[in-house]
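K.L.:
A single structure is presented below for examination.
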Amino acid sequence: MIENGIMARYGALLDLPAHTIPITLNEGNTPLIPAPRLADELGGGFELYIKFEGMNPTGSFKDRGMTTAISEALGAGAKAVICASTGNTAASAAAYAARAGQKAIVLIPRGKVAAGKLAGAVAYGAQVVQIDGSFDDALNMVVAISQRQPIALVNSLNPYRLEGQKTGAFEICDVLGSAPELLCLPVGNAGNITAYWMGFKQYEAIKSYCLPRILGVQAAGSAPLVLGHPVDRPVTVATAIRIGRPVRGEQALQAAEESSGKIIAVSDDEILAMQKRLAKEGIWVEPASAAGMAGLAAEIRAGYRVPAGQRVVAVCTGHGLKDPDIVVKDLPPAKAVPPMAELLEEVIMAGL
Ligand code: F0G
-11 MIENGIMARY GALLDLPAHT IPITLNEGNT PLIPAPRLAD ELGGGFELYI KFEGMNPTGS
49 FKDRGMTTAI SEALGAGAKA VICASTGNTA ASAAAYAARA GQKAIVLIPR GKVAAGKLAG
109 AVAYGAQVVQ IDGSFDDALN MVVAISQRQP IALVNSLNPY RLEGQKTGAF EICDVLGSAP
169 ELLCLPVGNA GNITAYWMGF KQYEAIKSYC LPRILGVQAA GSAPLVLGHP VDRPVTVATA
229 IRIGRPVRGE QALQAAEESS GKIIAVSDDE ILAMQKRLAK EGIWVEPASA AGMAGLAAEI
289 RAGYRVPAGQ RVVAVCTGHG LKDPDIVVKD LPPAKAVPPM AELLEEVIMA GL
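Right, here's the structure in full:
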């Protein structure tokens, strides 16, 4: 049996217990796509790459952490797993639990989860429970239940999630031949920024690669790490990162500080504009996934210049297919034409 997931490729570098039983969908190995035109638009003179994590099996970076968390939970004997989620964790947990023969229970904030994520969780057979509250409320509930019942928690409080997710940093270094100078990524519950920083530090220790600066980006209406206090009613179109009390917030701030980077906020308009701009590169991401790149653009507009020759990587965390509504909701329906070539020609020529 040939398996090529992150545990097969990086297992020796992951701190997982001996009881771990590998459950994989061959996640990881996602493309690092050069974006020279976008780099030129942002002042040029540097190399820009998009790490497109939407190419993972369930369409988001969560699969890197879910293969490890579910594998550990299965080895420990868990028959059921639980998570709170803004959607992507739910779909990923549902898929990997299904593959492991476990039951998955996922809690989501009612009305605030994109259609493709909810559909995914249902398709993979999870028990989906909607909460009349926020992600943060849902997380408190699943933590409490996992402490009372033999149900494994697979949110990023689970350390094995981070073990898997740090492989994103390894892959970037392996493709570039060393670490980039700057890494930009969205921040919600702050597990991913924490995991990337762990990964880069591990490669620094074993391969003597330099460390990148980390630019973490939150949505302005949901930016507790920028404001310096929790946000009780987070609001943003980027529902994936609509989180007011990030559980790994302290570690995220530490990653930003240790790396001489920072955590900033961008508006929903900036996020949606960058989502559109990335689509012009042929890369369709969900809104939250455009936040890292939107943050870089905002920094550059505010006067920052990427030093000549540096390599910048923006992690685009989830696929645009996750949230189709955001794109189609403001568009007029596509033009309908009778099956006549002349009429089609008219419509096409009018648009050229
Ligand atoms: N981008 C996407 C597409 C996400 O789904 C998330 C988090 C993030 C970025 C932020 O990552 O939480 O590690 O800082 N989604 C979680 C979920 C909260 O439930 O799917 P983070």
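The sequence shown begins at -11 in the working numbering and counts up one residue at a time. All residues carry an ideal CB built from backbone N, CA and C; glycine is no exception.
Out of A167, A302, G270, G291, which one is the CA nearest neighbour of A279?
P.N.:
Per the Cα distances, A302.
K.L.:
Using 8 angstroms as the cut-off, can you tell me whether the segment 266 to 285 makes contact with the segment 301 to 317, which would need three or more C-beta pairs spanning the two stretches below that distance?
P.N.:
As far as the Cβ criterion goes, the segment 266 to 285 touches the segment 301 to 317, which means the pair count is three or higher.
K.L.:
Taking 8 angstroms as the line, does the beta carbon of A157 fall inside it for any heavy atom of the ligand F0G?
P.N.:
For the ligand F0G, not one heavy atom lies less than 8 angstroms from the Cβ of A157.
K.L.:
What residue range is occupied by the uninterrupted alpha helix (DSSP H) comprising R(-3)?
P.N.:
Element bounds for R(-3): -6 to -2.
K.L.:
Between which residues of its own chain and S248 is the CB-CB distance below 6 angstroms, once the five residues before and five after are set aside?
P.N.:
Excluding positions up to five away in sequence, the list reads R201.
K.L.:
Taking C-beta to C-beta, are Q90 and V69 nearer than 9 angstroms?
P.N.:
Contact flag set, yes.
K.L.:
With H, G and I counted as helix, E and B as strand and the rest as coil, what does DSSP make of L2?
P.N.:
Coil at L2, not helix or strand.
K.L.:
Mark P326 as exposed unless 16 or more other C-beta atoms lie within 10 angstroms of its C-beta, in which case mark it buried.
P.N.:
With fewer than 16 other Cβ atoms within 10 Å, it is exposed.
K.L.:
If you measure between the beta carbons of L260 and V294, is that distance less than 9 angstroms?
P.N.:
Cβ atoms of L260 and V294: not closer than 9 angstroms.
K.L.:
Is R52 a contact residue of the ligand F0G, with contact defined as CB to any heavy atom under 8 angstroms?
P.N.:
Not so, every heavy atom of the ligand F0G lies at least 8 angstroms from the Cβ.
K.L.:
Got a sec, what are the start and stop residues for the beta strand (DSSP E) L199 sits in?
P.N.:
No beta strand (DSSP E) holds L199; DSSP gives it neither H nor E.
K.L.:
Look at Y37 and I160 and say whether their C-beta atoms are less than 9 angstroms apart.
P.N.:
In contact: Y37 and I160 (Cβ atoms closer than 9 angstroms).
K.L.:
Nearest-angstrom Cα distance between Q118 and Y148?
P.N.:
C-alpha separation (whole angstroms): 26 angstroms.
K.L.:
Return the Cβ separation of T155 and Y(-2) in integer angstroms, given the expectation that the two are a contact with Cβ distance under 8 angstroms.
P.N.:
That pair is a contact at about 5 angstroms.
K.L.:
State the Cα-Cα distance for the pair L340 and S80, rounded to the nearest angstrom.
P.N.:
When rounded, the distance between both Cα atoms is 42 angstroms.
K.L.:
Which runs of the alpha helix (DSSP H) spanning at least 4 residues fall entirely within the segment 179 to 251, listed in chain order?
P.N.:
Runs found: 179 to 195, 212 to 215, 237 to 246.
K.L.:
Below 8 angstroms on the Cβ atoms is my guess for L13 versus A72; work out the distance and round it to an integer in Å.
P.N.:
Contact flag wrong, Cβ pair sits at about 22 angstroms.
K.L.:
For the segment 212 to 222 against the segment 163 to 172, do three or more pairs of beta-carbon atoms, one drawn from each stretch, fall closer than 8 angstroms, so that the two count as touching?
P.N.:
At 8 angstroms Cβ cutoff, the stretches do not touch.
K.L.:
For K105, is the classification buried or exposed, using 16 other Cβ atoms within 10 angstroms of its Cβ as the cut-off for buried?
P.N.:
So K105 counts as buried.
K.L.:
Does DSSP classify K91 as helix, strand or coil?
P.N.:
Note: K91 maps to strand in three-state DSSP.
K.L.:
Using only alpha-carbon positions, find the residue among Y84, A88, A78, R87 that is nearest to P97.
P.N.:
Among Y84, A88, A78, R87, the Cα nearest to that of P97 is on A78.
K.L.:
Taking all protein chains shown into account, decide if L284 is buried (16 or more other Cβ within 10 angstroms of its Cβ) or exposed.
P.N.:
L284 is buried by the Cβ-count criterion.
K.L.:
Does DSSP put Y37 in a helix, in a strand, or in coil?
P.N.:
Reduced to three states, the DSSP call for Y37 is strand.
K.L.:
Is the segment 326 to 338 touching the segment 227 to 236 in the sense that three or more CB pairs, one from each, lie closer than 8 angstroms?
P.N.:
Result no; under three Cβ-Cβ pairs closer than 8 angstroms.
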